[in-house]
Amino acid sequence: MNFTPKFFLLIIILINISCEKKIHTVVFKNGTEESEVLVPPSGCYKTRFTATGNLNCELDLELYMDNKKTTFVDHLRLIGEYSNKQIYYSDWYGNIMQLGVRQDSCISSTFEIKVEFIDL
Numbered sequence: 730m731n732f733t734p735k736f737f738l739l740i741i742i743l744i745n746i747s748c749e750k751k752i753h754t755v756v757f758k759n760g761t762e763e764s765e766v767l768v769p770p771s772g773c774y775k776t777r778f779t780a781t782g783n784l785n786c787e788l789d790l791e792l793y794m795d796n797k798k799t800t801f802v803d804h805l806r807l808i809g810e811y812s813n814k815q816i817y818y819s820d821w822y823g824n825i826m827q828l829g830v831r832q833d834s835c836i837s838s839t840f841e842i843k844v845e846f847i848d849l
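For reference, each letter of the sequence shown is one residue, going 730 to 849 in the numbering used here.
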């Protein structure tokens, strides 16, 4: 038996279902309300948010999935200084995502959130 064709077919299948990790950097400035729409790459089933910046008061972060507001990040209480700190980690199944903050948020200069789509 020649297993070479089956072996190559298996490799092609695994390549097509593997996650192409992608990082989106969302920078909120004073007055910025929403991020661009974030589309996860195929095969990535987890997401992780890391934050960098300084908040003078509590920031209400909003997470939209398929253009509908969710409650997934309502438990986050973001206040103080962040330096590449993980603030959220969850399963994510290919839905488009968008982050938002209120226009009167307490961002003094900039607040950066890196959104990673991963397969861990």
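Backbone N, C-alpha and C fix where the C-beta goes; we use that ideal spot for every residue, glycine too.
All values reported here derive from a predicted model rather than from experimental measurement.
Please identify the residue among the options whose C-alpha is closest to the C-alpha of residue i.
{"i": "Ser-771", "options": "Ile-836, Gln-827, Leu-805, Tyr-822", "result": "Tyr-822"}
{"i": "Asn-813", "options": "Phe-778, Thr-733, Ile-836", "result": "Phe-778"}
{"i": "Lys-929", "options": "Asp-820, Ile-752, Thr-733, Lys-797", "result": "Residue 929 is absent from the model: the chain starts at 730 and stops at 849."}
{"i": "Lys-750", "options": "Glu-810, Pro-769, Ser-819", "result": "Pro-769"}
{"i": "Gly-829", "options": "Asp-803, Cys-748, Thr-733", "result": "Asp-803"}
Thinking C-beta only, is residue j closer than 7 Å to residue i?
{"i": "Asn-824", "j": "Asp-795", "result": "yes"}
{"i": "Tyr-793", "j": "Gln-827", "result": "yes"}
{"i": "Leu-788", "j": "Leu-807", "result": "yes"}
{"i": "Leu-805", "j": "Leu-790", "result": "yes"}
Measuring straight from C-alpha to C-alpha, what distance separates residue i and residue j?
{"i": "Asp-833", "j": "Cys-786", "result": "11 Å"}
{"i": "Phe-801", "j": "Thr-776", "result": "12 Å"}
{"i": "Arg-831", "j": "Asp-848", "result": "31 Å"}
Name, in chain order, the residues that DSSP records as bridge partners for residue i.
{"i": "Phe-846", "result": "Lys-751, Thr-776"}
{"i": "Phe-840", "result": "Phe-757, Gly-782"}
{"i": "Ser-812", "result": "Thr-781"}
{"i": "Gln-827", "result": "Tyr-793"}
{"i": "Asp-820", "result": "Lys-775"}
{"i": "Leu-788", "result": "Leu-807"}
Between residue i and the rest of its own chain, which residues show a CB-CB distance below 8 Å, the 5 nearest in sequence each way excluded?
{"i": "Glu-841", "result": "Thr-754, Val-755, Val-756, Phe-757, Ala-780, Thr-781, Gly-782"}
Leaving out the 5 sequence neighbours to the left and right, which residues in its chain are closer than 6 Å to residue i when beta-carbon positions are compared?
{"i": "Ser-837", "result": "Asn-785"}
Following a CB-centred definition, is residue i positioned closer than 6 Å to any heavy atom of the ligand COA?
{"i": "Thr-761", "result": "The ligand COA is not part of the structure shown, which contains no ligands of any sort."}
With a CB to CB cut of under 7 Å and the five nearest residues on each side skipped, what residues in its chain are close to residue i?
{"i": "Lys-798", "result": "Glu-791"}
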